[in-house]
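First the structure, in the form of structure tokens, and then the observations on it.
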Amino acid sequence: MEALARHDLFSSPGLPKLRSFCLWSVASSTQLADQAAEELMAASAQSVGQADAARAFWFRLMAYQQSGFSPRWGALRGWDWKSQRWELRPEGALDGWSVCRQEVVACFRGAKPPRVPVLSLRGQHDFVTEACVAAWRGVEDAGGDFSESVLGGCGHHAHLEAPDTVAATLRLWLLKVEDGPATSSRTPSSTSWTPSSGVKGRWLLREEARQHLTSWASKLCWANALASNATPGAWRSVGQGLPQRDIFAPSRTARRLAVWAADLPERPKSSADAEVMSLSELWKNRPRCSRMALALQDDSFDAAAIVCLERTNGDVTIVGMAQNPSAPHRCEGVLEHIEETVQSSK
């Protein structure tokens with residue numbers, strides 16, 4: 001952010017073109033981060049006592065990983081035991097560093113070309129608190145493309161505690177950056193579903209959801225590979241040293257969701273779990289499980305699209321959506337309706 005906001009990294013000659021950037025548990029001010037860490041350490045000491053406060057701080061606010069615990073690495077500076085209490089180390093690599101919200105607004109407002117998308121990501125129990133990242137919302141204040149995600153139940157090292165959730169969050173956002181505003185796997189069409197179109201659906205169990213998603217991923221992959229605008233060699237993976245191909249994003253989404261669906265319920269928990277209903281009825285009768293797959297139906301397709309949802313700490317979030325490549329509809333309108341329903345229930 002120092003380079004972006006104060007040294008115009010966006011247009012620096014000789015550097016690769018910046019497509020996006022993710023602020024992963026990045027505080028806009030070291031002073032704010034230190035203040036938050038001290039308050040959280042004080043609360044930890046009050047809860048478990050001074051002797052165990054650093055360990056409790058690590059397990060709740062850093063990462064629940066026994067092998068990684070060390071008071072030396074707690075917060076930004078690490079902790080020292082002094083005078084029967086834990087204190088932040090006196091020196092830090094970024095002492096006094098800060099970027100304010102107004103600077104971020106100035107950086108993004110009216111920029112030509114427009115600034116790239118930004119994702120701010122942190123754990124629910126991160127010592128980098130909401131106050132520490134509020135300045136990054138200046139991107140949105142300036143009309144920029146800004147997304148923010150809080151990973152439920154995680155501390156600062158969310159990738160150690162919930163690697164699948166972190167990977168899914170990053171992948172969905174990167175697909176959005178690669179493909180534009182839509183992250184669903186779909187084929188171009190002139191018709192679009194809306195909530196008023198009488199769309200119905202039903203909840204899927206593990207085997208059926210995985211079967212659909214795997215089949216769609218294969219069909220989408222072949223369709224894209226045979227497309228006339230294909231770029232020779234662009235299908236190779238990042239591991240082979242080449243960038244991933246944008247048009248393969250729909251097939252990658254469907255394939256990733258097929259892996260995600262391995263943790264769906266294997267058997268229905270109630271008779272309503274497999275019934276075809278309207279979207280409003282489906283939401284009222286949603287399964288009480290951590291992962292859910294909703295198949296959208298119309299007169300022609302038993303499963304025209306699948307929306308994957310996940311419940312964390314009582315809140316439901318949309319993991320992603322894949323569309324049947326044979327379906328003639330675009331599902332963005334229905335997806336937006338489901339997103340609004342999810343948000344209104346929080």
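Residues in the sequence shown are numbered from 1 upward in steps of one, following the UniProt record's numbering. Where a beta carbon is used, it is the ideal one built from N, C-alpha and C, also for glycine.
Do Leu282 and Gly201 have their C-beta atoms within less than 8 Å of each other? With respect to Gly201, Leu282 sits close: the two C-beta atoms are nearer than 8 Å.
Nearest-angstrom Cβ-Cβ length linking Ala106 and Ser28, presumed shorter than 8 Å: Not quite, the Cβ-Cβ distance comes to about 14 Å (not below 8 Å), so this is no contact.
For Gly123, does the count of other Cβ atoms within 10 angstroms reach 16, so buried, or fall short, so exposed? buried
So, with DSSP's three-state summary, where would you put Thr165? Looking at Thr165 - three-state DSSP - the assignment turns out to be helix.
Distance check for Arg19 and Leu9, CA to CA, integer angstroms please. 12 Å
Three Cβ pairs or more, each shorter than 8 Å: is that satisfied between the segment 256-265 and the segment 203-214? yes
Going along the chain, which residues of its own chain have a beta-carbon closer than 6 Å to the beta-carbon of Ser98, five neighbours each way excluded? Ser29
Specify, as a first and last residue, the run of the alpha helix (DSSP H) that Phe108 falls within. 101-108
Count the other CB atoms, across all protein chains shown, that sit within 10 Å of the CB of Asp126; report buried if there are 16 or more and exposed otherwise. buried
When the Cα of Trp203 is compared with those of Arg256, Thr317, Arg101, Leu296, which residue comes out closest? Leu296
Return the CA-CA distance between Pro16 and Gly49, expressed in angstroms with no decimal places. Their backbone Cα atoms lie some 50 Å apart in a straight line.
Extract the residue ranges of the alpha helix (DSSP H) inside the segment 16-54, only unbroken runs of 4 or more that lie entirely within it. 30-48
Ordered along the chain, which non-local residues of its own chain (more than five positions away) have a Cβ less than 8 Å from that of Gln102? Gly138
Spatial distance of Leu213 from Ser44 (CA atoms): 45 Å
What does DSSP give as the partner residue(s) for Ala295 in the beta ladder? According to DSSP, which records beta bridges pairwise, Ala295 is partnered with Arg202, Ile306.
Please determine, among Ala305, Pro117, Pro287, Gly155, the residue with the shortest C-alpha to C-alpha distance to Val59. As written in the sequence, residue 59 is Phe, which differs from the Val given in the question. Among Ala305, Pro117, Pro287, Gly155, the Cα nearest to that of Phe59 belongs to Gly155.
May I ask which residues mark the beginning and end of the alpha helix (DSSP H) holding Leu279? 279-284
What is the C-beta distance between Gly110 and Thr312, in whole angstroms, given that I count them as a contact (C-beta under 8 Å)? Not confirmed; about 38 Å, so no contact.
Which residues in the same chain have their Cβ closer than 6 Å to the Cβ of Cys289, if we skip the five residues on either side of it in sequence? Pro265
With DSSP run on the structure shown, which of helix, strand or coil describes Leu4? helix
Looking at the unbroken alpha helix (DSSP H) that takes in Asp80, where does it start and where does it end? Taken as a continuous stretch (DSSP letters only), Asp80 belongs to no alpha helix (DSSP H), being part of the beta strand (DSSP E) at 79-82.
Whole-angstrom distance between Arg291 and Ala168, CA atom to CA atom: 13 Å
Short check: CB of Leu119 to CB of Trp173, under 8 Å? For Leu119 and Trp173, yes; Cβs fall inside 8 Å.
Look at Val166 and Leu151 and say whether their C-beta atoms are less than 8 Å apart. yes
Under the three-state DSSP convention, the category Thr253 falls into: helix
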